[in-house]
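Heads up, the final residue of the sequence shown is numbered 78 in the UniProt record's numbering, and it's a clean run with no missing numbers. Cβ atoms here follow ideal geometry from the backbone N, Cα and C, with glycine treated the same way. First the structure, in the form of structure tokens, and then the observations on it.
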Amino acid sequence: MTEETIKKQTPLSMRTVDELRLNTDGQPQRYFIANYQRGYRWSTTQVTQLLGDIREFTILNNSTIQSTVFQESAGSTT
């Protein structure tokens, strides 16, 4: 499958950070950052700080941040 085919088949939508917090059942959503996508290992403290900073920034400024793409894993239950 070519990259162009994947782009055509993948629906994209804009969501707020708040909308990304919960899954369709209303439970906290879990995310996985693949090793090849990060330059260093994230600790719980660093992730919590990042999410807190994003939340504060978006509440205070009502702005957007750099685009981030999320893809649901096949067979994922979380």
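Asked: As assigned by DSSP and simplified to three states, the class of V17; Found: helix
Asked: Own chain partners of P28 with C-beta closer than 8 Å, once the 5 adjacent residues on each side are dropped; Found: R21 and L22
Asked: Selected residue, minimal CA-CA separation from F70, among R30, F57 and R55; Found: R30
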